[in-house]
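2 protein chains.
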Amino acid sequence: MPTIEEVAKAAGVSVATVSRVLNNGQVSPKTRILVENAIRELNYEPNMLGRNLRRSESRMILTMIPNISNPFYSVIVEGIEDAARKNGYNILLCNTEADVEREKIYLDLLKQKLADGIITMEPAIDIDVLKEVGKRYPVVQCCEYSEKINIPYIAIDNVTAAYKATKHLLTIGHKKIALINSDEKFMYARQRKEGYIKALQEFDIPVNEDWIVNAGLSFESGQRMMKYLLSLKDKPSAVFAVSDILAIGALKTIKDEGLKVPQDIGVVGFDNIQFANMMNPTLTTIEQPRYQMGVEAAEMLIKRIKDKKQKVENVILDHQLIIRESTMEY
Amino acid sequence: MPTIEEVAKAAGVSVATVSRVLNNGQVSPKTRILVENAIRELNYEPNMLGRNLRRSESRMILTMIPNISNPFYSVIVEGIEDAARKNGYNILLCNTEADVEREKIYLDLLKQKLADGIITMEPAIDIDVLKEVGKRYPVVQCCEYSEKINIPYIAIDNVTAAYKATKHLLTIGHKKIALINSDEKFMYARQRKEGYIKALQEFDIPVNEDWIVNAGLSFESGQRMMKYLLSLKDKPSAVFAVSDILAIGALKTIKDEGLKVPQDIGVVGFDNIQFANMMNPTLTTIEQPRYQMGVEAAEMLIKRIKDKKQKVENVILDHQLIIRESTMEY
DNA sequence: ATAATTTATGTAACGGATTACATTGAAAAA
DNA sequence: TTTTTCAATGTAATCCGTTACATAAATTAT
Numbered sequence: 040m041p042t043i044e045e046v047a048k049a050a051g052v053s054v055a056t057v058s059r060v061l062n063n064g065q066v067s068p069k070t071r072i073l074v075e076n077a078i079r080e081l082n083y084e085p086n087m088l089g090r091n092l093r094r095s096e097s098r099m100i101l102t103m104i105p106n107i108s109n110p111f112y113s114v115i116v117e118g119i120e121d122a123a124r125k126n127g128y129n130i131l132l133c134n135t136e137a138d139v140e141r142e143k144i145y146l147d148l149l150k151q152k153l154a155d156g157i158i159t160m161e162p163a164i165d166i167d168v169l170k171e172v173g174k175r176y177p178v179v180q181c182c183e184y185s186e187k188i189n190i191p192y193i194a195i196d197n198v199t200a201a202y203k204a205t206k207h208l209l210t211i212g213h214k215k216i217a218l219i220n221s222d223e224k225f226m227y228a229r230q231r232k233e234g235y236i237k238a239l240q241e242f243d244i245p246v247n248e249d250w251i252v253n254a255g256l257s258f259e260s261g262q263r264m265m266k267y268l269l270s271l272k273d274k275p276s277a278v279f280a281v282s283d284i285l286a287i288g289a290l291k292t293i294k295d296e297g298l299k300v301p302q303d304i305g306v307v308g309f310d311n312i313q314f315a316n317m318m319n320p321t322l323t324t325i326e327q328p329r330y331q332m333g334v335e336a337a338e339m340l341i342k343r344i345k346d347k348k349q350k351v352e353n354v355i356l357d358h359q360l361i362i363r364e365s366t367m368e369y
Numbered sequence: 040m041p042t043i044e045e046v047a048k049a050a051g052v053s054v055a056t057v058s059r060v061l062n063n064g065q066v067s068p069k070t071r072i073l074v075e076n077a078i079r080e081l082n083y084e085p086n087m088l089g090r091n092l093r094r095s096e097s098r099m100i101l102t103m104i105p106n107i108s109n110p111f112y113s114v115i116v117e118g119i120e121d122a123a124r125k126n127g128y129n130i131l132l133c134n135t136e137a138d139v140e141r142e143k144i145y146l147d148l149l150k151q152k153l154a155d156g157i158i159t160m161e162p163a164i165d166i167d168v169l170k171e172v173g174k175r176y177p178v179v180q181c182c183e184y185s186e187k188i189n190i191p192y193i194a195i196d197n198v199t200a201a202y203k204a205t206k207h208l209l210t211i212g213h214k215k216i217a218l219i220n221s222d223e224k225f226m227y228a229r230q231r232k233e234g235y236i237k238a239l240q241e242f243d244i245p246v247n248e249d250w251i252v253n254a255g256l257s258f259e260s261g262q263r264m265m266k267y268l269l270s271l272k273d274k275p276s277a278v279f280a281v282s283d284i285l286a287i288g289a290l291k292t293i294k295d296e297g298l299k300v301p302q303d304i305g306v307v308g309f310d311n312i313q314f315a316n317m318m319n320p321t322l323t324t325i326e327q328p329r330y331q332m333g334v335e336a337a338e339m340l341i342k343r344i345k346d347k348k349q350k351v352e353n354v355i356l357d358h359q360l361i362i363r364e365s366t367m368e369y
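Protein chains in written order, with the working numbering: chain V, 40 to 369; chain F, 40 to 369.
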């Protein structure tokens, strides 16, 4: 691999001039051509290790995902990657498995200068740790966030989204609506519950605590919770699950028990993952603009990397209720 | 951020000694403790940009995935990531969208020293280009591969796997078995077709070309192909799809047309993605040891990075037929 | 006790770029 | 013509580690 010095020699100029050509500095047209020819002839590509050291940047964005196999995240990552690439950044993928230790190791990459900033979704880590990191380095929260710390975020209005989902069920005549929620340590879980309750109240329907259950994140967890709900004496006639994965688990249980969706039980999910549309019946859900969220998160982060002082505003993106077969009027 | 020089000053030693402590060089126990204390006090972390430049390595593995949203790949990436981390490598995620231009841009990262090697799955790029890259840099093929070029690969025995899947259908009594294949530009597509034919021949069943269709990669494509198969005068009684995504598309079409799986039509997929088990009915499929494939690919690559000359052997991992509801005896 | 080894540590070169500052030369202004 | 200004280019310092080589100190061997 040739170095800038060899190019300089070949072109009969100094390394400074070559560097200027590379970075669009002030160079006379004649010289520029000379240098460009040398670059082409030697098939030269600048060594980023040298450049990065000198510039003290890595042009890497650390993307911390709790679970890469959860299809919810993949589209966000696509958005992040596209926006990053457009700005000359690459993404360092970090699958945290919601494991604090792994997160810590990855956070160290910032100190080691291997990453210029972080986009985090659903951090398992102590909020105080994240806060400290946020003071020193550019950080952006995506989807799941804490408002207690001064770190900007991209998200949707979960309260309104859950409200709409529940209201949809109410509108088509359901009065007995269960909520399969996640762990309420998550902000989104608390917010979606709030939206669910808000809709019930608007329709003067009392909240039945028996119908509010807390599941994990997995398909199996959705199955289990649905089994529980169907075991109640007073069964719900519809379910709102806070993720499509949970909803798909519910769907499976309902059918396994010989009941029909939507005739016997209506189901609404959340996220609009690809598979929501592949189920039988197809799943009514809330669409989150995931690709766009990724793009905005990356752009926001890059802005902050370029100008640390820059105050960036949180971004709330639009969501959308997508009505499919699982809640056809009954 | 403190530098190695400041640590040296604080510990009252030279930078060389600090570096030796950092790299487990020969240092007297007393001095080592002195340095370690200084490191702790200053909260020092080595700047990897400096180290990488000096060592002329990036400790990054470029992972080229055609489509990050395809759940087939995510588990492989998990394996790659875990193995990489264990060896002190990070992974640079590259979603190629099977786009040659994007691939080229990513391949340039090697020249630029931003990555030490590549793991590629289903390269869209010209096989000759890949061959050239493989001569100069460490490359490993994962899952999809070409044998025409001298680049090691991790894969399964697709012929035998497809043979087993088809034989299973034959064994439970099916005689009219369709194949929903992918584009035969893919090695795996050609191999799986071969296995399918082999099984039919073993059972003395003539190959019916009408029942062999080539689909794309998407769910919708699976739906379309199944629709076509059901429109035939002489319909198949079972389908073997070369991916779960295609099989799930087929499943949907079959049910939309009012037919029952497995009673009316048996379905077998391939890959054993997470969702295969969430369908109704659950999907019979071939399990690929995806996590393990990722691990092996990463380890093989790292071996090659550390010793360019090293001749590594291709690895064929075991697969497994997983029988579920979609092919219960009929 | 002296020589030969071995161990511990330091000095300085090096990896490959960027860029502040200095210098040269040409164009513009006086 | 002389002075001023500015564009073009070069020299060398710098970013932060690693490591070859040199030197000093401590062991071991003789």
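Cβ coordinates follow ideal geometry from the N, Cα and C atoms, glycine included.
Query, Result
"Could you tell me which of V/81, V/84, V/332, V/47 sits nearest to residue 70 of chain V, measuring between CA atoms?", "V/47"
"Would you call the stretch 119-133 of chain F and the stretch 300-311 of chain F touching, i.e. three or more CB-CB distances under 8 Å?", "no"
"What residue from V/338, V/365, V/366, V/346 has the CA that sits closest to residue 158 of chain V's CA?", "V/338"
"In the stretch 161-178 of chain V, which residues sit with their C-beta less than 9 Å from some C-beta in chain F, listed in chain order?", "none"
"To which residues of the same chain is residue 78 of chain V closer than 7 Å at the C-beta, ignoring the five residues directly before and after it?", "46"
"Is there a C-beta anywhere in chain V that falls below 7 Å from the one on residue 291 of chain F?", "yes"
"Is there contact between the stretch 167-178 of chain F and the stretch 111-124 of chain F, where contact requires at least three CB pairs shorter than 8 Å?", "no"
"Within 10 angstroms of the Cβ of residue 175 of chain V, are there 16 or more other Cβ atoms? Answer buried if so, exposed if not.", "exposed"
"In chain V, which residues lie less than 7 Å from residue 89 of chain F when you measure between Cβ atoms?", "92"
"Starting from the C-beta of residue 12 of chain F, find all residues in its chain whose C-beta is less than 6 Å away, skip the five residues before and the five after it, and write them out in chain order.", "Since the first and last residues shown for chain F are 40 and 369, residue 12 of chain F lies out of range."
"For chain F, find out if any of its Cβ atoms is closer than 7 Å to the Cβ of residue 116 of chain V; answer yes or no.", "yes"
"Could you tell me which residues DSSP puts in a beta bridge with residue 324 of chain F?", "F/361"
"How many angstroms separate the CA atom of residue 120 of chain F from the CA atom of residue 103 of chain F?", "13 Å"
"What are the residues of the stretch 116-140 of chain F that lie near chain V, defined by any Cβ-Cβ distance shorter than 7 Å?", "116, 117, 120, 129, 130, 131, 132, 134"
"Are there 16 or more other CB atoms within 10 angstroms of the CB of residue 30 of chain V, so buried, or fewer, so exposed?", "Because residue 30 of chain V is not part of the residues shown, which for chain V are 40 to 369, the question remains open."
"Extract the residue ranges of the alpha helix (DSSP H) inside the stretch 182-210 of chain V, only unbroken runs of 4 or more that lie entirely within it.", "197-210"
"Hey, out of F/319, F/95, F/352, F/83, whose CA is closest to residue 335 of chain F's CA?", "F/352"
"From the DSSP output, in three-state form, read off residue 107 of chain F for me.", "coil"
"Counting contacts by CB-CB distance shorter than 7 Å, is residue 43 of chain V in contact with chain F?", "no"
"Helix, strand or coil: how does DSSP classify residue 89 of chain F here?", "helix"
"Take every Cβ of the stretch 82-102 of chain F, pair it with every Cβ of the stretch 309-323 of chain F, and state whether three or more of those distances are shorter than 8 Å.", "no"
"Which residues in the same chain have their Cβ closer than 6 Å to the Cβ of residue 354 of chain F, if we skip the five residues on either side of it in sequence?", "193, 335"
"Could you tell me the distance, in whole angstroms, from the CA atom of residue 345 of chain V to the CA atom of residue 147 of chain V?", "20 Å"
"Residue 353 of chain F by DSSP, collapsed to three states: which one?", "coil"
"Determine which residues share a DSSP beta bridge with residue 131 of chain V and list them.", "V/101, F/131"
"For residue 372 of chain V, which of helix, strand or coil comes out of DSSP?", "In the structure as shown, chain V starts at 40 and stops at 369, and residue 372 of chain V therefore has no counterpart that could be examined."
"Quick check: residue 370 of chain V and residue 189 of chain V, are their CB atoms within less than 7 Å of each other?", "One cannot answer for residue 370 of chain V here, as it falls past the ends of chain V, which runs 40 to 369."
"Smallest Cα separation from residue 316 of chain F: which of V/226, V/357, V/288, V/223?", "V/288"
"Give me whichever residues DSSP pairs with residue 286 of chain V in a beta bridge.", "Residue 286 of chain V is not bridged to any residue."
"For the pair the stretch 235-251 of chain F and the stretch 283-299 of chain F, tell me if three or more CB-CB distances fall below 8 Å.", "no"
"Scan the stretch 219-252 of chain F and note each continuous alpha helix (DSSP H) run of 4 residues or more that stays entirely inside, going in chain order.", "226-241"
"Between the C-alpha atoms of residue 332 of chain F and residue 201 of chain V, what's the straight-line distance to the nearest angstrom?", "40 Å"
"Given a cut-off of 7 Å on the beta-carbon distance, is the pair residue 151 of chain V and residue 87 of chain F in contact?", "yes"
"Report the three-state DSSP secondary structure of residue 279 of chain V (helix, strand or coil).", "strand"
"Counting only C-beta atoms, is residue 75 of chain F closer than 7 Å to chain V at any point?", "no"
"How many whole angstroms separate the CB atoms of residue 179 of chain F and residue 162 of chain F, which I take to be in contact at a CB cut-off of 8 Å?", "Their Cβ separation, rounded to whole angstroms, is 11 Å, which puts residue 179 of chain F and residue 162 of chain F out of contact at 8 Å."
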